[in-house]
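Below is one structure, written out as structure tokens; the observations come after it.
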Amino acid sequence: MHGLYFTPLFNKGYVLMQPLDKEYIESLVEKRLCGTITPEEQSLLEQWLNREPMEEITWNSSDLDESSFRERLLRRIKEDAGISEYSNATKNKLALIPYRWAAAALLLMMMGSVGYFLFFKKNVSPPDVVQNKKIIIQDIAPGHSGAILTLANGKKVYIDSVGNGEIAVQGNQWIVKKNGQLIYETESGATPSKRGVIVDNNRVSNNTITTPRGREFQIVLSDGTKVWLNAASSITFGTVFTGKERKVTVTGEVYFEVAKDTRRPFIVSVDKAAITVLGTHFDVMDYPDGERVKTTLLEGAVKVSRGGQQVIIKPGQQASFFRQSDAIYVTKVDTDQAVAWVEGKLSLDDLGVEAIMRRLSRWYDVDVEFDGPVPQGHFWGLIKRDITLSDMLRILRANGINANLKDKKIIVSNN
């Protein structure tokens, strides 16, 4: 399986006697793109681009043009990444270029005429620069931190629009925004210390935090449990956990690091099922447009119950069920792929094109349209998702998915 990581590329020396360190090659590519590469480094880069098994390509820097440079670099990147012109009718699966190398390919592909400007037209006129900036402005930025907090009294707080500090007081609970997350803190006789703080005198109440498309968010519950919400997700919970259980309800995708409390199990309700833990790390995926509800365990133990069925899973396992059935299936999975989104990556873990587009739709807050039948094939990889949508689509197009952005909509075709 090939992974994808985002770092620019290029390095040093005179004769390539052995494979170069990839980080060094990356630094050379970056210098080449920025126009700061030295003659010695340029010579080394050319040797790397032209070395075996590319000996049939002769590259004379005197007749270098933009298209040939891009072609050679893309081919060289694919070869060092171990990628061939992948076509396997039996498996019908496509592999993605490792992302640290796809970065260079991405820069070259995304530039087109802009790339020519970067490589060869250092003395460009101001109108050309303005034109290039327009292209960037029209792009769609990746998702970012943000959410909507709904208090027990129905008031809504748009977290994106408030600064750090106290947001609300509910009974003896402070709700504080700090470093991009909400923290629920207990304090006897809590009173607001600044104007504009919402006050709700209910001692025990439920709150809901919702992330729209294009948003993600982190919270710390009153018991110390840490929660990450992916785009288009929600969690409803008590501001104070009373009684013998700690109960929450979720939709979408949510990752938990549950604070240990052997006397009070932590219970997650999801689509007529219950996930029971004492203290553990796990991920729950329950998007309404998905066929299955999945629980993936990273640490500890989890019991999943639905209807009359229940299973206990161990770290590295995933429990899943179809919405129309009570049967629960347990499989071994790559947990790094399952929770890649928490680390800021888009996971393509044996995903079809339709599933990939659903993830892009949620993260970039765009709609998707298929122009003809849905393309076939399954994909593996990790792509850092802090890049713009156009950059993301260029990477996918380079790997066989014909997807283009038009009027804030992704158009996918078989052509």
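Numbered per the numbering used here, the sequence shown spans residues 7 to 421.
Using N, Cα and C, we set each Cβ at its ideal position, and we do this for glycine too.
Computed from a prediction, not measured in an experiment: that's the story for all the values here.
Rounded C-alpha distance that separates L399 from N410:
7 Å
Check whether the region 176–194 touches the region 251–269, counting contact only when three or more Cβ pairs, one atom from each stretch, lie closer than 8 Å.
no
Near T282, what residues of its chain come up, given a Cβ to Cβ distance below 6 Å and the 5 sequence neighbours on each side ignored?
P271, I273, K309
For the beta strand (DSSP E) containing A147, name the first residue and the last one.
Careful: A147 lies outside any beta strand (DSSP E) and carries neither H nor E.
Tell me whether the beta-carbon of K414 lies closer than 8 Å to the beta-carbon of V372.
yes
Could you tell me the alpha carbon to alpha carbon distance between G350 and D392, rounded to whole angstroms?
7 Å
Whole alpha helix (DSSP H) elements within the region 294–360, 4-residue minimum
341–344
Continuous alpha helix (DSSP H) stretch holding I401: start and end
395–404
Can you tell me the Cα-Cα spacing of W234 and T302, whole angstroms?
14 Å
Measuring alpha carbon to alpha carbon, tell me which of F262, E251, I417 ends up nearest I436.
Residue 436 is absent from the model: the chain starts at 7 and stops at 421.
Hey, is the region 322–331 in contact with the region 292–301, meaning 3+ C-beta pairs nearer than 8 Å?
yes
Own chain, CB closer than 8 Å to L402, minus 5 neighbours either side, in chain order:
I362, A409
For T286, the residue or residues it bridges with in DSSP
DSSP lists no partner for T286.
So, for S275: in the same chain, excluding its five sequence neighbours on each side, which residues have a beta-carbon less than 6 Å away from its beta-carbon?
T255
Does E297 come within less than 8 Å of chain D when only Cβ atoms are used?
The structure shown contains no chain D; it is built from a single protein chain.
DSSP state of L51, grouped into three classes?
helix
For S228 and L155, I'd like the C-alpha separation in whole angstroms.
15 Å
Beta bridge counterpart(s) of I262 as assigned by DSSP:
The amino acid at residue 262 is misidentified as Ile; the sequence shows Phe. According to DSSP, which records beta bridges pairwise, F262 is partnered with V233, F288.
Closest by C-alpha distance to R329, when choosing among A346, D292, I319
D292
Taking all protein chains shown into account, decide if E47 is buried (16 or more other Cβ within 10 angstroms of its Cβ) or exposed.
buried
Straight-line CA distance for V336 to L304?
14 Å
Give me the Cα-Cα distance between A279 and L50, rounded to the nearest whole angstrom.
59 Å
Can you tell me where the beta strand (DSSP E) holding D373 begins and where it ends?
373–377
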